[in-house]
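Chemist:
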Amino acid sequence: MSVVAASRVSPWRAGLLLVQRDLRLGMRRPGEWLQPLVFFLVVTTLFPLATDPQLSRLRDMAPAALWVAALLSSLLALELLFREDSQDGSLEQLAVSGLPLAWLLLAKCCVHWLLTGLPLVLVAPLVATALGAPYAAIAGVLGALLAGSVTLSLVGAVGAGLTLGLRRGGVLLALLVLPLAVPVLIFGARATALAIALEPMDAPMYLLAAIAVLSATLAPLAAAAAVRISLE
Amino acid sequence: MTSLESRLNWTWFHRFGSPPYFYRIAGILIPWFAWLAAVAGAAGLVGGLVLAPPDYQQGEGYRIIFVHVPTAVLSTLAYAVMATASAVGLIWRMNVAHAVAASCATIGAWFTVVALVTGSLWGRPMWGTYWAWDPRLTSELVLLFLYLGYLGLRGAIDDSARADRACAVLALVGVINLPIIHYSVDWWNSLHQGHTLLKLGKPSMPASMLVPLLLMMLAFTLYFAAIMLTRARGEILRRERSARWISEATGA
């Protein structure tokens, strides 16, 4: 266990151990983190079914479909972030370990992103192509989702921390996180639209990256405060 | 070393953290705020609805500005007050500050609703539609969602102390996000279309319209203060219902 004898473990090492532990636990339950991915695929399939499936028309809709689906799927995945650890008490152990909780939560967010964010990014080219994006746009679509999904995991962690252990947590989590995700949605969809149109997408990409860096700095602190409050 | 003076300078602040003191002071302030709001509001309404001339472009329809703009300003101001009170409550563990934050949320949400409704009513004659995806309207709508999330979280947590602190964290996260949301929404629509129809511009307003508008803003701010303190008093009574000072203060 990574939380044993925390006082003698440096924060860096503790973070590394936590990443290893969470990855191992995640690998043993592939069904859990594959579900949000399948959800993403299903939702993006619903869009062409709900409209006239001409590729030229789907192409206009592709950024919206990709990003709304990514947002909803990341929301679904957030339940996995703390649920297990708060039920078996290891989250509490992390909080009382004397190590900086924000740092440990950042490590948890990294693993969470690796297991639920990265697969989504990797299948996005497939989905984008099915929605009529040209092959040349694939790198751009990947880049935009890469930067955006990091932020979604981090901002989501704050919401997950706040709603930890609440009875009506699921819907409330959506209500808390979705408004905060508006900037990511706007810049991400814009970057994707520019990529599909084969135009330079620097401006929204810079902004997406800036938001990702900002949330990597602040969100773990807020999430740590939220988790501490919820554990009290 | 803290000198005696610097410690004394903060006593007023810590005194506000005492529920009986806050309850008493708020009780004294509320009538002042309420009456001043009524006077400023009456003057503003007469000035705005009777004395101000019709707009040369918008005719009489523009007069909704005297309600719309103050509520829109207050919707943001209430969030700022809520976030400030939340920060004070978190840092100094001040129960009174949390009570203030809790009372701001409902009022702020209602101001946001009124701003959206009046804006939409104004949009019908001026833009030809009740709703346009104008950046300001959209960020006001997102602000409403932030308020609703805050109220939802407060409603979902039974333990009052936990609800206070969790909501305070949410309010602070929201206040960091608000400018980002605002600018992203601005950027989003300015790229889609030019503001040909929607941009009202900043009309240099004649004093006959500006003075009533400022009066109405003052009236709404005072009204907000009065209502917020009233709600905060109620909130404090509810939280401290078993304390002895309450029976002394209310004579019950």
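Taken in sequence, the protein lines are chains A and Z.
Under numbering that gives the first Met the number 0, think of the first position of the first sequence as 0, with each following residue one higher.
Under numbering that gives the first Met the number 0, think of the first position of the second sequence as 0, with each following residue one higher.
All residues carry an ideal CB built from backbone N, CA and C; glycine is no exception.
Express the C-alpha separation of A/L36 and A/L45 in angstroms, rounding to a whole number.
Modeler: Spanning the two alpha carbons is a distance of roughly 14 Å.
Chemist: Once DSSP output is grouped into helix, strand and coil, what is the label at Z/M0?
Modeler: For Z/M0, the predicted model reports a pLDDT of 45, less than 50, meaning its position is unreliable and no value from the coordinates is stated.
Chemist: I need the straight-line Cα distance from Z/I180 to Z/V49, nearest angstrom please.
Modeler: Using only the alpha carbons, I get a separation of about 38 Å.
Chemist: Could you name the residues that DSSP lists as bridge partners for Z/G58?
Modeler: Looking at the DSSP assignment, Z/G58 forms a beta bridge with Z/D54.
Chemist: I need the DSSP call for A/M60, collapsed to helix, strand or coil.
Modeler: Looking at A/M60 - three-state DSSP - the assignment turns out to be helix.
Chemist: List, in chain order, every chain A residue whose beta-carbon is nearer than 7 Å to that of Z/A155.
Modeler: Correct list: L165, R167, L171.
Chemist: Is there a Cβ of chain A sitting closer than 8 Å to that of Z/R161, yes or no?
Modeler: It does; some Cβ of chain A falls within 8 Å.
Chemist: Could you tell me the boundaries of the alpha helix (DSSP H) in which Z/S207 lies?
Modeler: Per DSSP, Z/S207 belongs to the alpha helix (DSSP H) from 206-238.
Chemist: Figure out for me which residue from Z/S207, Z/C166, Z/A108, Z/T75 has the closest Cα to the Cα of A/A224.
Modeler: The residue with the shortest Cα to Cα distance from A/A224 is Z/C166.
Chemist: Under a three-way DSSP split, which group does A/D87 fall into?
Modeler: Coil, per DSSP.
Chemist: Check this for me: beta carbons of A/G155 and A/L74, under 8 Å apart or not?
Modeler: Closer than 8 Å, so yes.
Chemist: Beta-carbon separation of Z/G43 and Z/M208 under 8 Å?
Modeler: Against a cut-off of 8 Å, the Cβ pair of Z/M208 and Z/G43 comes out as no contact.
Chemist: Quick check on A/P182: buried or exposed, where buried means 16 or more other Cβ atoms within 10 Å of its Cβ?
Modeler: A/P182 comes out buried.
Chemist: Starting from the Cα of A/D258, find the closest Cα among A/A190, A/V170, A/I210 and give me that residue.
Modeler: Because chain A is modelled from 0 through 231, residue 258 of chain A falls outside the range shown and cannot be assessed.
Chemist: Residues of chain Z with a CB under 7 Å from the CB of A/P152: which are they?
Modeler: In the sequence as displayed, the identity of residue 152 of chain A is Ser instead of Pro. Neighbours of A/S152 on chain Z: none; closest Cβ ~15 Å, over 7 Å.
Chemist: Under a three-way DSSP split, which group does Z/I156 fall into?
Modeler: It is coil, neither helix nor strand.
Chemist: So, does the CB of Z/F12 fall closer than 8 Å to a CB anywhere in chain A?
Modeler: It does not; no Cβ of chain A falls within 8 Å.
Chemist: Which residues bound the alpha helix (DSSP H) around A/I195?
Modeler: Where A/I195 is concerned, the enclosing alpha helix (DSSP H) stretches over 181-195.
Chemist: Out of A/G169, A/L33, A/L151, A/A143, state which residue places its alpha-carbon closest to the alpha-carbon of Z/L152.
Modeler: For Z/L152, the nearest C-alpha among the options comes from A/G169.
Chemist: Relative to the C-alpha of A/P29, which residue among A/A64, A/L79, A/S9, A/Q53 is closest?
Modeler: Measuring from the Cα of A/P29, the nearest candidate turns out to be A/L79.
Chemist: Just the Cα atoms here: how many angstroms apart are Z/E234 and A/S152?
Modeler: Taking the straight line from one Cα to the other gives about 35 Å.
Chemist: Provide the residue span of the alpha helix (DSSP H) that contains Z/T70, from first to last.
Modeler: That run of the alpha helix (DSSP H) goes 64-91.
Chemist: Kindly indicate which three-state DSSP category A/T216 falls into: helix, strand or coil?
Modeler: Three-state DSSP puts A/T216 in a helix.
Chemist: Count Cβ pairs between the segment 129-142 of chain A and the segment 190-208 of chain A that sit closer than 8 Å; are there 3 or more?
Modeler: Yes, they touch.
Chemist: Taking just the CA atoms, how far does Z/A170 sit from Z/R135?
Modeler: Distance between the alpha carbons of Z/R135 and Z/A170: 21 Å.
Chemist: The alpha helix (DSSP H) that contains Z/R123, what's its start and end?
Modeler: That run of the alpha helix (DSSP H) goes 94-126.
Chemist: Tell me whether the beta-carbon of Z/A266 lies closer than 8 Å to the beta-carbon of Z/L73.
Modeler: No information on residue 266 of chain Z is available, as it lies outside the stretch 0 to 251 that chain Z covers here.
Chemist: Using C-beta distances below 6 Å, list every residue in its chain close to Z/G40, excluding the 5 sequence neighbours before and after it, in chain order.
Modeler: Correct list, in chain order: A218.
Chemist: Looking at A/V18 and A/V110, is the spacing between their C-beta atoms short of 8 Å?
Modeler: Cβ distance < 8 Å, so A/V110 and A/V18 count as in contact.
Chemist: Just checking: is the beta-carbon of A/F186 within a distance shorter than 8 Å of some beta-carbon in chain Z?
Modeler: Cβ-Cβ to chain Z under 8 Å: yes for A/F186.
Chemist: Taking CB distances under 8 Å as the criterion, tell me whether A/A143 reaches chain Z.
Modeler: Chain Z contact via Cβ: absent.
Chemist: Does DSSP put A/P47 in a helix, a strand or coil?
Modeler: The answer is helix: DSSP assigns A/P47 an H, G or I state.
Chemist: Can you pull out the residues from the segment 191-208 of chain A whose beta carbon lies closer than 7 Å to at least one beta carbon of chain C?
Modeler: Among the chains of the structure shown, chain C does not appear; the protein chains present are A and Z.
Chemist: Can you give the Cα-Cα distance for A/M26 and A/C108, rounded to whole angstroms?
Modeler: Distance between the alpha carbons of A/M26 and A/C108 is about 16 Å.
Chemist: Leaving out the 5 sequence neighbours to the left and right, which residues in its chain are closer than 7 Å to Z/A96 when beta-carbon positions are compared?
Modeler: The residues are A84, V87, G88.
Chemist: Buried or exposed for Z/R62, please, with buried defined as at least 16 other CB atoms from any protein chain shown within 10 angstroms of its CB.
Modeler: So Z/R62 ends up on the buried side.
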